[in-house]
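Q:
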Amino acid sequence: MSNLVVIAYPTLEKAEEVREKLFAFQKEYLIQMGDAVIAEKKPNGHIKLHQIFSPTGAGAATGSLWGLLIGVLFMVPLAGVAVGAASGALAGALSDFGINDKFMKQVASTLQPGNAALFVLINKVTLDKVLAGLEGTGGEIMQTSLDHSKEEALRKALHEHIKENEQSGSAA
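Going by the numbering used here, 280 is the number at position 147 of the sequence shown; the sequence numbering is gapless.
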């Protein structure tokens, strides 16, 4: 069963930094993600999704290849590429997998302008190691499908190191 976690950050850069950490954890087989998208609320209120995979681009590339092959068979390779790219891009744009774009835009609409939200669809996770790696990264949990104890552990890990820094700063 997959779990969805949505964390709000004050900037796009901070959300991207945390997403990069998650990608590093994935390379170490500590987490398996189905999707990791950042939704940024622009100052004008527009929501921009920063996705790791573009289905439109992938569809256009695949369509171009198939169009070229079919075009060569019928002696019109350039027309085949053009038709293949257009149909592939259309098919890619119409297919949406991972986290639903409409849902992400709806949740991100509650952000303050300039803020960003990291949406992560988690398939598998070694929770203790990932939480230790995310310690002190900040962010506010907007929504999760985790059980209460795991959600609280995540919330604590995000803010743990920050509180320690505040205490050591006030003691100095």
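The beta-carbon is built from N, C-alpha and C at its ideal position, and this holds for glycine as well.
It should be emphasised that the depicted structure is a prediction, and the values quoted were computed from it without experimental measurement.
In its own chain, which residues sit with a C-beta less than 7 Å from the C-beta of residue 155, not counting the 5 before and 5 after it?
A: If we look at residue 155 and ignore the five residues flanking it on each side, its Cβ neighbours are 164, 166, 169, 253.
Q: Excluding five sequence neighbours on each side, which residues of the same chain lie with their C-beta closer than 6 Å to the C-beta of residue 276?
A: Hits under 6 Å: 139.
Q: Is the stretch 236 to 243 in contact with the stretch 143 to 163, if contact means three or more CB pairs nearer than 8 Å?
A: The stretch 236 to 243 is not in contact with the stretch 143 to 163.
Q: For residue 264, which of helix, strand or coil comes out of DSSP?
A: Helix at residue 264.
Q: Return helix, strand or coil for residue 245, following the three-state DSSP convention.
A: It is coil, neither helix nor strand.
Q: Determine, for residue 146, whether the minimum Cβ-Cβ distance to residues of chain C falls below 7 Å.
A: No chain C is part of this structure, which consists of one protein chain only.
Q: Apart from the five residues on each side of it in sequence, which residues of its chain come closer than 7 Å, Cβ to Cβ, to residue 187?
A: Unreliable placement is indicated for residue 187, whose pLDDT of 48 sits below 50; no coordinate value is reported for it.
Q: Apply the 10 Å Cβ neighbour rule to residue 148 and answer buried if 16 or more other Cβ atoms are within range, or exposed otherwise.
A: Its Cβ being crowded by 16 or more others within 10 Å, residue 148 is buried.
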